[in-house]
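Presented below is the structure to which this report refers.
Residue numbers (this note's numbering), protein chains in the order written: chain A, 29 to 162; chain B, 29 to 162.
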């Protein structure tokens, strides 16, 4: 449960998202990955995920900046559950930036090339249990 | 994200654990499953998980009673992230029973027989980020 190659993957994925380099961001997902976009709505597969990330960037007026805090990785065979503090910042080009820290959940799978990729990306974590579907 | 066959699996697994029928409980895990026993310590594979469940039953003086609350299942291919309210009750044969509700995380995999089995069992959920290793 200490430093794990997945940590570097998440940091690089956040960096790609912050730069709005969605082609690079897609490298971090498996082909059949699922991204929770908002409570009650998910994007399935790279085409939908790419579209959802572009829409989120637009929604946050291109000021979204995501960083990773404490992270725990629990491996089982070729699969890992990841629990990560995720800091979601968006200044919205205003004097009142929003900053939210979430306890995200991810599921990663190790591929035949030994690289870990994200299968499930749920930045809301258990907060989904309390949030009404959008 | 509505009713899902995994809900019935979790209910049946809880029932097996409550009856201390550890042979039955093992049916719900994959061969390479990981169970978070306490913060910082995990059991890997069925032999270790069986031992850990027996030790937990002992620790709770055979009064452990686990039930499932609201549950969200997020599928990606043959894999699913599960977020579930888990009520952990143990009366410890005393007048002051303990009751704790946790937001558990599970990862399930659908096998060749189409049955979903648990790969990662983390009843602590994101609370692991705050809990010191035991």
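All residues carry an ideal CB built from backbone N, CA and C; glycine is no exception.
Quick caveat: nothing in here was measured; it's all calculated off a predicted structure.
Check, Outcome
"Pick from B:94, B:55, B:128, B:49 that is closest to residue 141 of chain B, judged by C-alpha positions", "B:55"
"Within chain A, the residues that residue 34 of chain B reaches when beta carbons sit closer than 8 Å", "Here the premise fails: no neighbours, minimum Cβ distance about 13 Å."
"Given 8 Å, three or more beta-carbon pairs between the stretch 127-147 of chain B and the stretch 90-97 of chain A", "no"
"Segment contact flag, the stretch 54-74 of chain B with the stretch 143-152 of chain B, C-beta cutoff 8 Å, min 3 pairs", "yes"
"Those residues which DSSP pairs with residue 104 of chain A across a bridge", "A:107"
"Within chain B, the residues that residue 54 of chain A reaches when beta carbons sit closer than 8 Å", "Result: empty, since nearest Cβ-Cβ is about 15 Å, beyond 8 Å."
"Residue closest to residue 115 of chain B, alpha-carbon to alpha-carbon, out of B:109, B:124, B:51, B:128", "B:128"
"6 Å CB neighbourhood of residue 32 of chain A in its chain, flanking five on each side removed", "101"
"Selected residue, minimal CA-CA separation from residue 99 of chain A, among A:107, A:132, A:45", "A:132"
"Buried versus exposed, by CB contacts within 10 Å (16 or more), residue 75 of chain B", "exposed"
"Close Cβ partners of residue 120 of chain A (< 8 Å) along its chain, the five nearest in sequence each way excluded", "88, 89, 91, 126"
"Exposure label - residue 97 of chain B; buried when at least 16 CB within 10 Å", "exposed"
"Short Cβ contact (8 Å threshold) for residue 39 of chain B with residue 53 of chain B", "no"
"Alpha-carbon spacing of residue 144 of chain A relative to residue 37 of chain A, whole angstroms", "8 Å"
"Interface partners of residue 61 of chain B on chain A, CB under 9 Å", "104, 105"
"CB contact check: residue 29 of chain A to chain B, cutoff 8 Å", "Low confidence applies to residue 29 of chain A: its pLDDT is 45, below 50, so where it sits in the model is not reliable enough to give any reading."
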